[in-house]
Amino acid sequence: MATIVGMPKWGLAMKAGRVVHWLKRPGETVRQGEPLVEIESEKATNDVEAPASGVVRWLGVEEDDMAPVGAPLAVIAPPEEQLSDEQVAALLRADEEARREAAKRSQRQPAGARAAATGAGARGAVRAATAAGGRVNASPAARRIAQELGVDLATIVGTGPGGMIAREDVLAAAEDQHAPSAGEGEERTIAVDGVGIHCLIAGPAGAPPVVFVHGLGGSLATWSLNLPAFAERFRICALDLPGAGASDKPQAGYEVASLADTVARVLEALGPDWLPANLVGHSLGGAVALALAGRFPGRVRRLVLVDSAGLGPDIDGALLGMMREEPTQAGVRAELSKFFAQPGFVQQALVEQMYEQRTQPGAQEALVKTIDAAFGGGTQRIDLRDTVATSPAPVLVVWGADDAVIPVSHAQAATLAPQGRVEVFEACGHCPHIERGEAFNALALSFLSAT
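If you want our numbering, it's the 1-based position in the sequence shown plus 231.
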């Protein structure tokens with residue numbers, strides 16, 4: 232049976248990906264597990280491996296084009312199967328219908344709400360048969376939906392002829408998965424004094440909460456390389472600050488203290504299970520997290536400050552001047568080049584994502600107001616070193632040794648904290664959570680898991 236390869240979902244916030252380069256072309260043979268295509272997401276480029284062996288029959292997205300998560304990218308047919316163009320089109324139509332049905336079911340029913348009409352206890356159900364080589368016997372639509380929903384076909388009982396797994400079996404199994412997946416997230420908009428704050432919620436309910444606060448000019452997408460790892464162990468909330476990302480762009484409220492109050496109100500709205508929370512803040516977001524801890528010390532469990540503002544007066548005035556200008560893609564690329572020690576991290580997908588965000592109605596005006604409030608005159612206008620020195624919550628400060636935005640010397644402020652710790656990543660710029668994503672995740676997870 233033919234296999235449809237879809238756009239993968241890497242990270243909780245990924246909405247689409249760019250096809251960088253096809254490694255196989257129509258008519259070429261590909262082995263299962265062999266790289267098929269290079270895909271660029273917001274923060275990185277990775278290979279997508281072929282889910283089955285066979286011949287590439289169809290490619291659906293040209294190089295340099297974008298496609299949403301789940302969109303069909305290619306069709307791989309078994310070597311002995313000759314698919315006509317009409318058969319490929321019919322396969323894609325059935326796939327689209329199955330994905331629409333999956334989306335409708337997801338909106339209609341919570342996980343686990345389906346009655347036990349199929350599955351291990353269903354009348355007449357038998358374990359899915361396997362074909363030669365041990366491959367699970369499932370329809371193409373079932374394979375496609377299982378790939379998109381992250382369902383293991385080997386765990387499903389098939390109700391079709393001969394025990395074949397049908398798409399309904401996969402949809403039913405997905406509904407029965409009570410625990411949220413680390414690869415999925417729920418988007419919410421929480422109103423704070425009439426201002427809509429966009430949030431991404433994920434991770435097991437009841438787990439210790441972790442809240443992520445992005446930096447100047449960023450959004451919750453800043454954390455796309457980190458959120459899946461944290462969502463395996465913690466209940467997480469990544470939010471867009473007022474004026475940023477998909478949050479509203481009000482006329483006022485961009486001072487660090489006001490932003491801290493907004494985050495505190497979001498936590499209150501999420502409910503008592505979110506307090507006290509662990510806070511992870513980058514750059515301006517670090518100052519917001521630290522200000523919240525100073526204003527509401529009982530609401531903070533632990534702090535992770537990443538190249539944080541508020542720990543000294545210095546900041547790159549030239550960068551602030553660039554960010555004040557009307558956005559262009561060239562200008563955004565120049566700004567991003569200051570954030571990374573390794574130029575390869577300034578990828579076109581990231582440039583376009585940032586440019587699209589900055590050109591939203593009201594976004595540039597909000598950014599300038601935030602700059603004026605926090606960094607007017609080319610210097611940091613808020614000093615939170617006393618807050619660090621008196622913090623009852625343990626504080627981990629992480630910095631890039633080659634940070635060109637805020638000097639690494641500011642990290643030493645954490646040594647004043649009663650329970651302060653400093654970690655510096657070599658050959659790293661202003662965004663160690665991106666440039667050294669795996670090492671950062673391991674460090675921060677260990678710190679936040681400590682008792």
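Just so you know, even glycine gets a beta-carbon here, dropped at the ideal spot from N, CA and C.
The beta carbons of Glu654 and Leu674 sit about 6 Å from each other, so the pair counts as a contact at 8 Å.
The shortest C-alpha to C-alpha distance from Trp505 to any of Ala438, Gln650 and Pro282 is the one to Ala438.
Residue burial is scored here from C-beta neighbours: Pro558 has at least 16 other C-beta atoms within 10 angstroms and is therefore classed as buried.
With respect to Val629, Lys569 sits apart: the two C-beta atoms are not nearer than 8 Å. As for any alpha helix (DSSP H) of minimum length 4 sitting wholly inside the region 459-535, the runs are 487-501 and 515-526, ordered along the chain. Assigned with DSSP and collapsed to three states, Thr386 falls in helix.
Taking a contact as a CB-CB distance under 8 Å, the pair Cys430 and Val497 counts as one, their CB atoms being some 7 Å apart. Judged by beta-carbon spacing, Asp634 lies within the 8 Å limit of Gly660, meaning their Cβ atoms are closer than that value.
In the DSSP assignment, His664 falls within the unbroken alpha helix (DSSP H) covering Pro663 to Glu666. Here the region 445-456 makes contact with the region 573-592; the two share three or more CB pairs at distances below 8 Å. Of all alpha-carbon atoms in Ala580, Val300, Leu314 and Gly389, the one lying nearest the alpha-carbon of Lys240 is that of Val300.
Runs of the beta strand (DSSP E) lying entirely within the region 242-300, each at least 3 residues long, are 247-253, 266-271, 276-280, 285-290 and 297-299 in chain order. For Val599, the secondary structure class from DSSP, reduced to helix, strand or coil, is helix.
DSSP, read as helix, strand or coil, puts His445 in coil. Judged by their CB atoms, Pro473 and Tyr485 are nearer to each other than the 8 Å cut-off. Met232 is the residue among Ala321, Met232 and Gln263 whose C-alpha sits nearest the C-alpha of Glu311.
As the crow flies, the alpha-carbon of Gln579 is around 44 Å from that of Gly389.
Nearest to His641 by alpha-carbon distance, out of Val426, Pro544, Ile387 and Lys246, is Pro544. Three or more Cβ pairs drawn from the region 525-541 and the region 619-628 lie within less than 8 Å of each other, which places the two stretches in contact.
Its chain contains Leu627 as the residues whose beta carbon lies nearer than 6 Å to that of Arg652, once the 5 sequence neighbours on both sides are disregarded; these appear in chain order.
Close CB contacts of Pro507 within its chain, under the 6 Å cut and outside five residues either way in sequence, are with Arg530, Val531 and Arg532 (chain order). For Ala433, the enclosing beta strand (DSSP E) starts and ends at Val426 to Ala433. Within the region 566-652, the complete alpha helix (DSSP H) segments at least 4 residues long are 579-589, 594-606 and 616-620, listed from N- to C-terminus.
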